[in-house]
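Q: What follows is a single structure, and I will ask about it in a moment.
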Amino acid sequence: MSLRIAPFLPELLRSLFKKPVTVKYPFEKEAVPKDFRGTVVFDPAKCIGCNICVNDCPAEAIDIIRVSETEKKFKMILHNDRCIHCAQCVDSCPTKTYHMDLEYETAAFSRWDLKIEYK
Amino acid sequence: MEYKVSLGPQHPALHEAVSLRMTLDGEVIRDADLKLGYSHRGIEKLAEERSYIQNIYLTERICGICSHSHTTCFTQGVEQLMELVPARRGLFIRTLIAELERVHSHLLWLGVAGQEAGFESFFMYTWRDREVVLDILEWISGNRVHYAMNIFGGVRRDIDELQRKKILDSLDLLKKRTDYYLNLAASEPTFVGRLAGVGKLSREDAIALCAVGPTLRASGIASDVRKDDPYAVYGEIPFEVATADSCDVLGRAVVRVKELISSYAMIEFLLKNLPEGPFKVKAPRKVKPNEVYSRYEAPRGENVHYIKSNGSDKPERLKVRAPTLANYPATIAMLKKGFIADIPLIFAAIDPCICCAERLVQLDDARRGDSRVLSFSQLRSMANERAKKIDFKKRKIAWPF
Amino acid sequence: MAILKPILYILVYPGLLFLMVYSTFCEWFDRKLYARMQNRIGPLHTGRAGILQPVADIIKLFAKEDIVPEQADKRMFSALPVFALAIVCTAALYLPVWHYSTAPSFNSFPGDLIVVVYLLSLPTLIFFLAGWHSTNYFSAIGGVRVLTMLFGYEIPLLLALLSPAVLAGSWRLVEIAVFYQNHPLLMLANVIGFVIAVICLQAKLERVPFDIPHAETEIVGGQFTEYSGKKLAFFRLLGDIEMVVGAGLIAAVFLGGFPGGLLPGLAWFIVKTLFIIFLLAALRAATSRIRIDQMISFSWRWLAPLAVLQLFIAIIIKGSAS
Numbered sequence: 000m001s002l003r004i005a006p007f008l009p010e011l012l013r014s015l016f017k018k019p020v021t022v023k024y025p026f027e028k029e030a031v032p033k034d035f036r037g038t039v040v041f042d043p044a045k046c047i048g049c050n051i052c053v054n055d056c057p058a059e060a061i062d063i064i065r066v067s068e069t070e071k072k073f074k075m076i077l078h079n080d081r082c083i084h085c086a087q088c089v090d091s092c093p094t095k096t097y098h099m100d101l102e103y104e105t106a107a108f109s110r111w112d113l114k115i116e117y118k
Numbered sequence: 000m001e002y003k004v005s006l007g008p009q010h011p012a013l014h015e016a017v018s019l020r021m022t023l024d025g026e027v028i029r030d031a032d033l034k035l036g037y038s039h040r041g042i043e044k045l046a047e048e049r050s051y052i053q054n055i056y057l058t059e060r061i062c063g064i065c066s067h068s069h070t071t072c073f074t075q076g077v078e079q080l081m082e083l084v085p086a087r088r089g090l091f092i093r094t095l096i097a098e099l100e101r102v103h104s105h106l107l108w109l110g111v112a113g114q115e116a117g118f119e120s121f122f123m124y125t126w127r128d129r130e131v132v133l134d135i136l137e138w139i140s141g142n143r144v145h146y147a148m149n150i151f152g153g154v155r156r157d158i159d160e161l162q163r164k165k166i167l168d169s170l171d172l173l174k175k176r177t178d179y180y181l182n183l184a185a186s187e188p189t190f191v192g193r194l195a196g197v198g199k200l201s202r203e204d205a206i207a208l209c210a211v212g213p214t215l216r217a218s219g220i221a222s223d224v225r226k227d228d229p230y231a232v233y234g235e236i237p238f239e240v241a242t243a244d245s246c247d248v249l250g251r252a253v254v255r256v257k258e259l260i261s262s263y264a265m266i267e268f269l270l271k272n273l274p275e276g277p278f279k280v281k282a283p284r285k286v287k288p289n290e291v292y293s294r295y296e297a298p299r300g301e302n303v304h305y306i307k308s309n310g311s312d313k314p315e316r317l318k319v320r321a322p323t324l325a326n327y328p329a330t331i332a333m334l335k336k337g338f339i340a341d342i343p344l345i346f347a348a349i350d351p352c353i354c355c356a357e358r359l360v361q362l363d364d365a366r367r368g369d370s371r372v373l374s375f376s377q378l379r380s381m382a383n384e385r386a387k388k389i390d391f392k393k394r395k396i397a398w399p400f
Numbered sequence: 000m001a002i003l004k005p006i007l008y009i010l011v012y013p014g015l016l017f018l019m020v021y022s023t024f025c026e027w028f029d030r031k032l033y034a035r036m037q038n039r040i041g042p043l044h045t046g047r048a049g050i051l052q053p054v055a056d057i058i059k060l061f062a063k064e065d066i067v068p069e070q071a072d073k074r075m076f077s078a079l080p081v082f083a084l085a086i087v088c089t090a091a092l093y094l095p096v097w098h099y100s101t102a103p104s105f106n107s108f109p110g111d112l113i114v115v116v117y118l119l120s121l122p123t124l125i126f127f128l129a130g131w132h133s134t135n136y137f138s139a140i141g142g143v144r145v146l147t148m149l150f151g152y153e154i155p156l157l158l159a160l161l162s163p164a165v166l167a168g169s170w171r172l173v174e175i176a177v178f179y180q181n182h183p184l185l186m187l188a189n190v191i192g193f194v195i196a197v198i199c200l201q202a203k204l205e206r207v208p209f210d211i212p213h214a215e216t217e218i219v220g221g222q223f224t225e226y227s228g229k230k231l232a233f234f235r236l237l238g239d240i241e242m243v244v245g246a247g248l249i250a251a252v253f254l255g256g257f258p259g260g261l262l263p264g265l266a267w268f269i270v271k272t273l274f275i276i277f278l279l280a281a282l283r284a285a286t287s288r289i290r291i292d293q294m295i296s297f298s299w300r301w302l303a304p305l306a307v308l309q310l311f312i313a314i315i316i317k318g319s320a321s
C-alpha cells in the first residue's frame, strides 16, 4: 500500500455533517439488553436457607439470616457495595429465589446506603 | 551529555504504574531499565482461600481487557483436574466469546497506538467502532467488561437465534471498518512514519528473549497456542496464524489487524456450525489431588495458569503468568535503540497490561527459601518507615544543566 | 479625538479586550470542529453549545494553586508567561484592521510585516526559556525541542510570507492587502505559499502534527510541565491569541486583508481567520504527531524548497508584469 496525502480527510469532513455518536448520558439513557446483570433481587418466600449462595458468592456480598426460631423464614442482606454482578447466586440457587433486574444506576454517597435488605 | 529520566510510575503514556528508567543522550536512548512492583493485589494468595467457583470470578478480575482469557485458562485447567468433558455447545460459545474478546482487545490496541502516536482522530474512530463489539458482548453475557460466561463444564448462558443474527449483522459493519482502518493506517504518511522501523526485534532476539503473542509473530515466527496446542474447539476451526516479517511496531499493528480479520472469519464459522445440545454439564465441587498447567492464547500472547489441587474444594496453589510479563525482556531490548518519541509506541506495542503481570514475592533468605506473607497494613507501615528515612529538606540534587 | 483612536485600538479593538474575547471564541470553534470531525459533540454545557468553555477553563486555572519549583529561577519563572502574552498582544496591534485607506496610521509603517513575524517568533524563545528555567527534565527536553523546531519552520514561513510581499512590491501589511483587493486573481499565484504558511503556522502553534515540544505521551507537558495555575492560564491564553494573530497575518498577506473600515473589516476579519482556523483544525484532525527529526527533515526537504519555488514564481510574475 502506498502513502497518500491526508487519506483520513474525507471521512473527517463527512463526520462534520453527521450526527455525533455521543450519547448525552445523564439526559438520555440507552436501553440495556434483557439479559443485563443489574441489581440482585431476592424473593424471601422461596428461600429454604440452604446457604449455597452465601458459599458461592465470590464477593461475600450475601447474608442469609433466619428470622424466626420456629418457622423456616429467612431474610437476605445484600451488600451491594461489594456485589460484582456476576449472577452466580442466580445460577446456584436450587429454588430460583434470585433474579437480576435492569437497574444500573446504583451510585450512592456512602457505601452503607448501598445495603439492601429483603424481608 | 547523558542524563537519566524516569518515565513513570505516573506518566500520561502509561495507563498503569510502572517505571521506565531511561538513560538519554539528547533525544537518543542509550540505556533502558524497567522497574516493576508498584501495584500488587495478592490475587494468587487470595485464590488459595476461595472455592473453585469463587475463583472463576477472581481470575476474571486479573485483567479487565482479557478477562475471558484468564477465566478460560483457569476453567480449562480445573476441568482437566476434575476429568470433566465440557459440553460441546458450551465450548463453541466459549470460543466465540474468546474471539469477540480478541476483536475488542485489538481494536482497543489500535486506538491506543493512535493515541500514543498523537493521532487522536484514529483513536476516537477505532474506539467508536469498538462499541459494536462491546454491545455484542453485552447482548450475549449481560456485561460489557467482565462477561462471567465460564463455568466448569461449559458456559453459563446460551445463545439464541436472535442473538446469532444480530452478531452476524454487526460483523459486516466491523469487517468494513477494519478494512478501512487497515488502509488508513498503512497510507497516512505521518502515522506510518511513526510506526515503521521503530522498535526492531530480530527473529533471533525474539526467540532468545522469549517474546509471546503479536510481538513474537511480528518477528516472523508463527507461534500461536491456538495452533500449536489447540484447546476448546480451535482444532476444528480453519485459520492461519498471522505473521509479519518487518519486526517493528508497524509489523505488530499489521499482525493485530490480520488477527482481527481472521477472528471475524472464526466467529462466522462458530456461529454457522453451532451444535445443538446442552451448553453445560454438571461439575463436582471437590477436586482430586493433582496439578495442571493450562495454556491459552490471550490477545496479548500466551497466558499460563498453574493449578495444584489437594482434594478439597479450594486450590492449594494458583500461579498466573500473564503474557505481558513474558514480553518485558524484549521491550527493554527494543527500547535500547530508539528515540524518546518512540518510548510510548514501543511500550504500547506489547499491549502492556501491567497490573495483570505484577506479583509480589518476598524472600527473607533466598538460599534457605524462607518466605513470609505480609498483610496490607504491614506493607503500608514498611513503606511509611522507608519514607520517614528520607530527609526531603536536606536532600541536595544538582540540576545538571 | 486624535488620541482616542489609538487608545481604543490598543484597549478595545483589535487590542486587549477584543483579542481576549475573540481568542476564546476561536478556541471554542477549533475544539468544536475537532470534536465534530471525530464524530463527538465537544464542549456542550458552559454557555450556549459550550461557547463559554474556554473562558471557564481559564477562570478555573486562575483559581488553582500556583506552584513554583524549589530549584527554579523564581523571577524568570513568573515573569515569562506575562512577557509572552504581552508580546503576542503587541503583534496583534499591527494587523491591518480598521484602516480606511492606505493612509499612514500610527501602527502601520513600511516593514511592519517583518515586525509581526519577529514578534510572533519571540514567544518561541520564551517557551524555551520557560522550559529551561523549570528545572525539570521533561521541561528541558521540551524547551530544546521548541528551539530545534524553530529552525525547521521559521525560514519557510518567512519565505512564504515574503513572496506575496514581493509581488505586491511592499513590506507594509496594508499595502499588500490593498494590492490583492485590487488584483484578486494574483492571489492564485500564491497558493503554494499559502499552504506552506498554514503548515508553518501549525508548527508555530505547536499543534498536531507538530506538538512535539509538549507531546504528552512522551514528555508529559513539555516546557509547561512545571507550570500551573495562573501562569499556565497565561500560556493557554497566549496560545489562543497567537492562533488569532497568526491566522490574521496569513489572511492579511494571502487573502486580501480586511477591507471596508470598521464593521465590514471586522466581519472580513472573523470570516477569514475562522477559515484559516478551520484549515488548522482539519490538519490537526487528519494527522499523527511526527518525530522531531522527521519534522526537521520534512521542513528542509519539502517546505523550504517549495517556499523558494514560490518566491521564484512571485519574482517571475512581477518581472513579466512590469
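Chains as they are written, first to last, in numbering that gives the first Met the number 0: chain A, 0 to 118; chain B, 0 to 400; chain C, 0 to 321. Don't be surprised by glycine CBs; every beta carbon is placed ideally from N, CA and C.
(1) What residues of chain A sit near residue 147 of chain B, judged by a beta carbon separation below 9 Å?
(2) What are the start and end residues of each continuous beta strand (DSSP E) run of 3 or more residues lying completely inside the region 262-303 of chain C, in chain order?
(3) Identify every residue that forms a DSSP beta bridge with residue 297 of chain B.
(4) Given that residue 277 of chain B touches chain A, what residues does it touch there, using C-beta distances under 8 Å?
(5) Using beta carbons (cut-off 8 Å, strictly below), is residue 135 of chain C in contact with chain A?
(6) If you measure from the beta carbon of residue 176 of chain B to each beta carbon in chain C, is any gap under 8 Å?
(7) Specify the secondary structure class of residue 50 of chain B as computed by DSSP and reduced to three states.
(8) Counting contacts by CB-CB distance shorter than 8 Å, is residue 25 of chain A in contact with chain C?
(9) Kindly list the residues whose CB is nearer than 6 Å to the CB of residue 218 of chain C, restricted to its own chain and excluding five residues on each side of it in sequence; keep chain order.
(10) Counting only C-beta atoms, is residue 53 of chain B closer than 8 Å to chain A at any point?
(11) Work out the CA separation of residue 60 of chain A and residue 53 of chain A for me, nearest whole Å.
(12) State the Cα-Cα distance for the pair residue 3 of chain C and residue 236 of chain C, rounded to the nearest angstrom.
(13) Do the region 179-191 of chain C and the region 36-48 of chain C touch if we need at least three Cβ pairs shorter than 8 Å?
(14) Does any C-beta atom of chain C lie closer than 8 Å to the C-beta of residue 398 of chain B?
(15) What in chain A is Cβ-close to residue 39 of chain C, meaning under 7 Å?
(16) In chain A, what lies closer than 8 Å to residue 35 of chain C by C-beta?
(17) Looking only at its own chain, which residues have a Cβ that is under 7 Å from the Cβ of residue 322 of chain B, when we skip the five neighbours before and after it?
(18) Cα separation between residue 79 of chain B and residue 291 of chain B?
(19) To test your reading of the DSSP string, which unbroken alpha helix (DSSP H) runs of 4 or more residues are found completely within the region 139-219 of chain B?
(20) DSSP on residue 414 of chain B, reduced to helix/strand/coil?
(21) Starting from residue 22 of chain B, trace the beta strand (DSSP E) both ways and give me its first and last residue.
(22) What residue range is occupied by the uninterrupted beta strand (DSSP E) comprising residue 314 of chain B?
(23) Is it the case that the region 113-129 of chain B contacts the region 187-194 of chain B, given that we only count it when at least three CB pairs across the two stretches are under 8 Å?
(24) With DSSP run on the structure shown, which of helix, strand or coil describes residue 75 of chain A?
(25) At a CB-CB cut-off below 8 Å, which residues of chain C make contact with residue 420 of chain B?
(26) Is any beta-carbon of chain C found at less than 8 Å from that of residue 2 of chain A?
(27) Of all the CB atoms in chain B, is at least one closer than 8 Å to the CB of residue 54 of chain A?
(28) Of all the residues that make up the region 263-290 of chain C, which are near chain B by a beta-carbon distance shorter than 9 Å?
(29) Determine the direct distance from the alpha carbon of residue 314 of chain B to that of residue 53 of chain B, and round the result to whole angstroms.
(30) Taking all protein chains shown into account, decide if residue 135 of chain C is buried (16 or more other Cβ within 10 angstroms of its Cβ) or exposed.
(31) Under a three-way DSSP split, which group does residue 169 of chain C fall into?
(32) If you follow the alpha helix (DSSP H) that residue 19 of chain C is part of, which residue opens it and which one closes it?
(33) Give the DSSP-derived three-state secondary structure of residue 15 of chain B in the structure shown.
(34) Would a check of beta-carbon distances place residue 210 of chain C closer than 8 Å to chain B?
(35) Residues in its own chain within less than 8 Å of residue 251 of chain C by CB, not counting five upstream and five downstream?
(36) With 16 other CB atoms within 10 Å as the buried threshold, where does residue 328 of chain C fall?
A: Taking the structure as given:
(1) Residues of chain A with a Cβ closer than 9 Å to the Cβ of residue 147 of chain B are, in chain order, 36, 83, 84, 85, 86 and 87.
(2) Fully enclosed beta strand (DSSP E) runs of 3 or longer: not present.
(3) The beta-bridge partner set that DSSP reports for residue 297 of chain B consists of B:300.
(4) By Cβ distance, chain A contributes nothing, its closest Cβ being about 14 Å from residue 277 of chain B, past 8 Å.
(5) For residue 135 of chain C, not one C-beta of chain A is nearer than 8 Å to its own C-beta.
(6) Judged by the 8 Å Cβ criterion, residue 176 of chain B is not in contact with chain C.
(7) Of the three classes helix, strand and coil, the one that applies to residue 50 of chain B here is coil, per DSSP.
(8) Not an interface residue.
(9) Excluding residues within five positions, the ones whose Cβ falls inside 6 Å are 137, 140 and 141.
(10) Answer yes: the Cβ-Cβ gap between residue 53 of chain B and chain A drops below 8 Å somewhere.
(11) Straight across, the Cα-Cα distance linking residue 53 of chain A with residue 60 of chain A is about 8 Å.
(12) Roughly 27 Å between the two C-alpha positions.
(13) The region 179-191 of chain C is not in contact with the region 36-48 of chain C.
(14) Answer yes: the Cβ-Cβ gap between residue 398 of chain B and chain C drops below 8 Å somewhere.
(15) Ordered by position in chain A, the residues that pass the 7 Å Cβ test against residue 39 of chain C are 19 and 21.
(16) Within chain A, 14, 15 and 19 have C-beta atoms less than 8 Å from the C-beta of residue 35 of chain C, given in sequence order.
(17) Apart from sequence neighbours up to five positions away, the residues of its chain that approach residue 322 of chain B with a beta-carbon distance below 7 Å are 211, 212, 297, 299, 300, 301 and 302, ordered along the chain.
(18) The C-alpha of residue 291 of chain B is placed about 7 Å away from the C-alpha of residue 79 of chain B.
(19) Secondary structure remark: continuous alpha helix (DSSP H) runs of at least 4 residues inside the region 139-219 of chain B, in chain order: 160-186, 188-194, 202-207 and 212-216.
(20) The structure shown does not extend to residue 414 of chain B, since chain B is modelled only from 0 through 400, so no value can be given for it.
(21) Judged by DSSP secondary structure, residue 22 of chain B falls within the beta strand (DSSP E) whose first and last residues are 18-24.
(22) If you look at residue 314 of chain B, you'll find it in the beta strand (DSSP E) that goes 314-320.
(23) Judged by Cβ distances under 8 Å, the region 187-194 of chain B makes contact with the region 113-129 of chain B, as three or more pairs qualify.
(24) Three-state result, residue 75 of chain A: strand.
(25) Absent from the model: residue 420 of chain B. The displayed extent of chain B is 0 to 400, so no value can be given.
(26) Taking Cβ atoms only, chain C never reaches closer than 8 Å to residue 2 of chain A, which makes this a no.
(27) Interface residue, yes.
(28) Cβ contacts with chain B: 283, 284, 285, 286, 287, 288, 289 and 290.
(29) Taking the straight line from one Cα to the other gives about 11 Å.
(30) Classification of residue 135 of chain C: buried, given that the 10 Å Cβ count is 16 or more.
(31) Here residue 169 of chain C sits in coil by DSSP.
(32) Counting along the chain, the alpha helix (DSSP H) containing residue 19 of chain C begins and ends at 15-36.
(33) Judged by DSSP in its simplified three-state form, residue 15 of chain B adopts coil rather than helix or strand.
(34) Interface with chain B (8 Å Cβ-Cβ cutoff): residue 210 of chain C is included.
(35) 94, 95, 172, 175, 176 and 257.
(36) Residue 328 of chain C lies beyond the range of chain C shown here (0 to 321); nothing can be said about it.
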